[in-house]
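The structure appears right after this line, and notes come after that.
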Amino acid sequence: MDSYEKLLQCLKCVRRKSDFVPKVALVLGSGLGDYANNIRVDSEISYSEIDGFPVSTVPGHDGKFVFGYIDHVPVVCMKGRVHYYEGYEIDDVVLPIRLMKMMGAEILFLTNAAGGINLDFNVGNLMLIKDQISCFVPNPLHGKNLSELGPRFPDMTHVYDEQLNDIILRKAYELEIPLREGVYVQLQGPSYETPAEIRMLRTMGGDAVGMSTGVEAVAARHMGMRICGISCISNMAAGVFDKPLNHEEVQQAADMASANFAKLVTESVRGF
Ligand code: HPA
6 MDSYEKLLQC
16 LKCVRRKSDF
26 VPKVALVLGS
36 GLGDYANNIR
46 VDSEISYSEI
56 DGFPVSTVPG
66 HDGKFVFGYI
76 DHVPVVCMKG
86 RVHYYEGYEI
96 DDVVLPIRLM
106 KMMGAEILFL
116 TNAAGGINLD
126 FNVGNLMLIK
136 DQISCFVPNP
146 LHGKNLSELG
156 PRFPDMTHVY
166 DEQLNDIILR
176 KAYELEIPLR
186 EGVYVQLQGP
196 SYETPAEIRM
206 LRTMGGDAVG
216 MSTGVEAVAA
226 RHMGMRICGI
236 SCISNMAAGV
246 FDKPLNHEEV
256 QQAADMASAN
266 FAKLVTESVR
276 GF
């Protein structure tokens with residue numbers, strides 16, 4: 006079965022359980038899954054109920070689609086995503102994104118936990134993703150082009166949509182929520198970076214580093230989705246402080262940022 010047939014099979018499986026048509030697809034990153042409690046839920050589908058769907062193995066990644074409303078806006082929310090480092094093929098990693106577009110979502114709102122490369126950043130900051138560097142991970146469009154989804158050579162000049170960014174920046178200003186802006190770098194993981202790697206990424210123009218999001222944005226752009234993204238700076242990247250990194254910090258920083266994160270996501274989605 007090729008990737009497109011698999012997508013159709015997943016879509017069929019979803020449609021047997023729900024006919025919900027979302028406008029916005031929201032991906033909740035590590036530690037940020039509690040945001041789903043802000044959604045007026047219509048229905049939920051566990052990833053494990055969808056034949057062929059990649060199921061996450063990371064603790065804290067619940068693994069379900071939540072369908073419902075943020076104010077009046079119909080959304081599908083991914084509570085938990087799959088990562089390349091878990092061992093999936095790259096087209097399985099982006100399958101959920103493609104599936105949400107096929108359900109009807111035109112806008113993709115990506116969120117994640119990320120390490121702060123930019124020395125002006127602090128733990129708990131929120132960063133609007135203005136652009137990305139995803140050339141250290143496999144390209145999700147590798148192989149035969151799925152022409153049903155998009156063109157062979159999609160343009161990546163404006164991965165993150167300027168109009169959506171403007172709305173998020175305006176809402177942050179109105180809500181008095183400090184919002185950084187920067188370039189997100191995706192690496193493969195699952196090991197954290199070395200201090201030398203972080204210095205390299207800083208020189209290259211990176212502001213935050215993580216292990217998701219970049220490939221999702223490429224697959225979504227391929228399909229013509231409008232994309233925006235927010236990183237929660239869960240730790241300063243390797244070498245900034247003289248201490249080892251650990252996954253527990255991610256949840257702590259997300260908890261610190263969660264009230265502002267929730268307000269900003271809700272108000273932004275209302276404005277889309
Ligand atoms: N590096 C990579 N991914 C991450 C980090 C980090 O420091 N923090 C959260 N996700």
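When you read off a place in the sequence shown, starting at 1, and then add 5, the result is the number in the working numbering.
Glycine included, each C-beta is placed from N, C-alpha and C at the ideal position.
- Inter-residue distance for Met216 and His77 is about 32 Å (C-alpha atoms, whole angstroms).
- Bounds of any beta strand (DSSP E) do not take in Ile44, whose DSSP letter is neither H nor E.
- Scanning the region 187 to 256 from its first residue to its last, the whole beta strand (DSSP E) runs of 3-plus residues come out as 213 to 215 and 231 to 241.
- Given a length threshold of 4 residues, each whole run of the alpha helix (DSSP H) inside the region 78 to 131 is given here in chain order: 95 to 98 and 100 to 108.
- Under the three-state reduction of DSSP, Arg275 is assigned to helix.
- Each residue's CA atom was taken as its position, placing Gln191 and Tyr197 some 11 Å apart.
- Taking the Cα positions, Leu133 is about 27 Å away from Asp247.
- Considering only His252, Asp125, Val188 and Phe266, the residue with the shortest C-alpha distance to Ala213 is Val188.
- In terms of Cβ geometry, Ala110 and Pro27 form a close pair [threshold 8 Å].
- Here DSSP, grouped into helix, strand and coil, assigns Val19 to helix.
- The C-beta separation of Ala225 from Leu113 comes to about 5 Å, placing the pair in contact by the 8 Å criterion.
- Gly34 has its alpha-carbon roughly 8 Å from the corresponding atom of Leu115.
- For Asp136, the secondary structure class from DSSP, reduced to helix, strand or coil, is strand.
- With a threshold of 7 Å, the Cβ atom of Tyr197 counts as near ligand 1, since some heavy atom of the ligand is closer than that.
- Between the alpha carbons of Ala264 and Ile138 lies a distance of about 28 Å.
- Look at Leu146 here: in three-state DSSP terms it is coil, with no helix or strand label.
- For Ser239, the Cβ falls inside the 7 Å cut-off from some heavy atom of ligand 1.
- Beta bridge pairing from DSSP links Ile50 with Phe70.
- With respect to the C-alpha of Gly210, the residue from Val87, Leu151 and Asp136 having the closest C-alpha is Asp136.
- Taking 7 Å as the cut-off, one finds no heavy atom of ligand 1 near enough to the beta carbon of Met161.
- With a threshold of 16 other beta carbon atoms within 10 Å, Asp96 meets it and is buried.
- DSSP places Val270 in the helix class (H, G or I) of the three-state scheme.
- Around the beta carbon of Asn170, a 10 Å sphere encloses 16 or more other beta carbons of the protein chains shown; the residue is thus reported as buried.
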